[in-house]
Amino acid sequence: ATLHKACSGDATAVSTRQVLHMATLGGARALGAEKDLGSLEKGKRADFIRVETGSVHALPLFDKITHLVYSTNRQDVRDVFVGGRRVVHDRRITTLDTDKLKEEIKRLAPRIAASLKEQ
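The following block contains the structure:
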């Protein structure tokens, strides 16, 4: 929304509801996937996020859509669902063992660093 308004020089260039539509059903249509994505309906994939709305930076909350478009940041995303399956719960990835991943990264880091020096 901010980019549209800045580029056009018009504060009314795009509404927050238009931005939400562009990010959901409009985006799905642009991908040719509106039959599966873009809205929560029976038969479609349930891809959505749960956002924390009580953070100090977001108060006061007058309008939920305006809040989502202008105030929400990555720290506000509590849960992520992909195809109806929760893949992030309370900001923690549920689909992989992050401790195991960190160990694997530490193990591979010297080899990666060495290959970068060769280039």
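Read in order, the letters of the sequence shown are residues 525 to 643 in our numbering.
Backbone N, C-alpha and C fix where the C-beta goes; we use that ideal spot for every residue, glycine too.
Keep in mind it's a predicted model, so treat the numbers as computed, not measured.
Which residues in the same chain have their Cβ closer than 8 Å to the Cβ of residue i, if we skip the five residues on either side of it in sequence?
| i | result |
| --- | --- |
| Arg-541 | Ile-589 |
| Val-593 | Ala-525, Thr-540, Val-543, Leu-544 |
| Arg-558 | Note on residue identity: the sequence assigns Glu, not Arg, to residue 558. Hits under 8 Å: Leu-549, Ala-552. |
| Thr-622 | Arg-616 |
What residues in its chain sit with their C-beta under 7 Å from that of residue i, if we drop five residues either side in the sequence?
| i | result |
| --- | --- |
| Thr-485 | Past the boundaries of the shown model lies residue 485; the chain is included only from 525 to 643, so the question cannot be answered. |
Can you name the start and end residues of the alpha helix (DSSP H) that residue i belongs to?
| i | result |
| --- | --- |
| Arg-635 | 622–642 |
| Ala-547 | 540–547 |
By Cβ distance below 6 Å, which residues in the same chain neighbour residue i in space, the five residues on each side in sequence not counted?
| i | result |
| --- | --- |
| Gly-608 | Ala-570 |
| Val-604 | Ile-573, Val-611, Val-612 |
| Thr-596 | Val-575 |
Could you say which of the options lies nearest to residue i if we only look at CA atoms?
| i | options | result |
| --- | --- | --- |
| Arg-598 | Glu-576, Ser-539, Val-580 | Glu-576 |
| Asp-614 | Leu-620, Val-606, Arg-602 | Arg-602 |
| Lys-568 | Val-606, Glu-627, Ala-554, Lys-624 | Val-606 |
Hey, residue i and residue j are a contact pair by Cβ (cut 8 Å); roughly how many whole angstroms apart?
| i | j | result |
| --- | --- | --- |
| Asp-600 | Ser-579 | 6 Å |
Is residue i close to the ligand ZN? I mean its beta-carbon at under 7 Å from any heavy atom of the ligand.
| i | result |
| --- | --- |
| Thr-536 | As far as ligands go, the structure on display features none, and thus does not contain the ligand ZN. |
Does chain C have any CB closer than 8 Å to the CB of residue i?
| i | result |
| --- | --- |
| Thr-548 | The structure shown has no chain C; it contains just one protein chain. |
Q) Which runs of the beta strand (DSSP E), 3 residues or longer, sit entirely within the stretch 551–633? A) 572–575, 601–606, 609–613
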